[in-house]
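S.K.:
Below, the structure is given as structure tokens:
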């Protein structure tokens, strides 16, 4: 299996490496935001301007992308993330969330669950879980859904996941119709 290479012939970073870079970038920016002083403010301003310049460049590039190439671009997690960051993603947030839930469906089915997008409103996605999983399995599934949706639609501020409803308790009909036996004489 050959490794993927960029246009310059250098090996491209895999998805795990990209996720690591993004995580390190977030941590570094958070540290910078907590750093007092004019130098930190200047550095943050430079990062903001650089992001705006890259966003403009990405916008110009997207204007030249043939329509049949756009789906491949939006499917790439990193490119899709950058398109969202710069307000250039061609798919509405509802479609991206629905597509993410479709990708999660096989894993959820293995846990006895399914997920349905209820709606997106006010910066929050509402997702309903259905099925028979309970306990920590449902909690782990809720967190997996939340994380995947926020990755696909980082412009959302929240993901509200409704856990599956517990099945009604089964009570045999004869247990409801049975009357308690009379107490023996002398018993209270």
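Residue numbers (our numbering): 6 to 193. From the three backbone atoms N, C-alpha and C, an ideal C-beta is built for every residue, glycine too. As the structure is a computational prediction, the values presented were derived from the model and not from experiment.
1) Give the straight-line distance between the Cα atoms of residue 121 and residue 152, rounded to the nearest whole angstrom.
2) Alpha carbon to alpha carbon, how far is residue 190 from residue 117? Give it in angstroms, no decimals.
3) Given residue 94, which residues of its chain have a CB within under 6 Å of its CB, disregarding the five upstream and five downstream residues?
4) Going by DSSP, which residues form a beta bridge with residue 121?
5) Sorted by chain position, which residues of the same chain lie with C-beta nearer than 7 Å to residue 69's C-beta, five sequence neighbours on each side aside?
6) From 86, 73, 41, 53, pick the residue whose C-alpha is nearest to that of residue 159; which is it?
7) For residue 164, which three-state DSSP category applies?
M.R.: With the structure as the only source:
1) Take the alpha-carbon of residue 121 and the one of residue 152: they are about 15 Å apart.
2) Inter-residue distance for residue 117 and residue 190 is about 52 Å (C-alpha atoms, whole angstroms).
3) Counting only Cβ-Cβ distances below 6 Å, and skipping sequence neighbours, we find 88.
4) DSSP output for residue 121 lists 133 as bridge partner(s).
5) Same-chain partners within the cutoff: there are none.
6) Among 86, 73, 41, 53, the Cα nearest to that of residue 159 is on 86.
7) Secondary structure at residue 164: strand, using DSSP grouped into helix, strand and coil.
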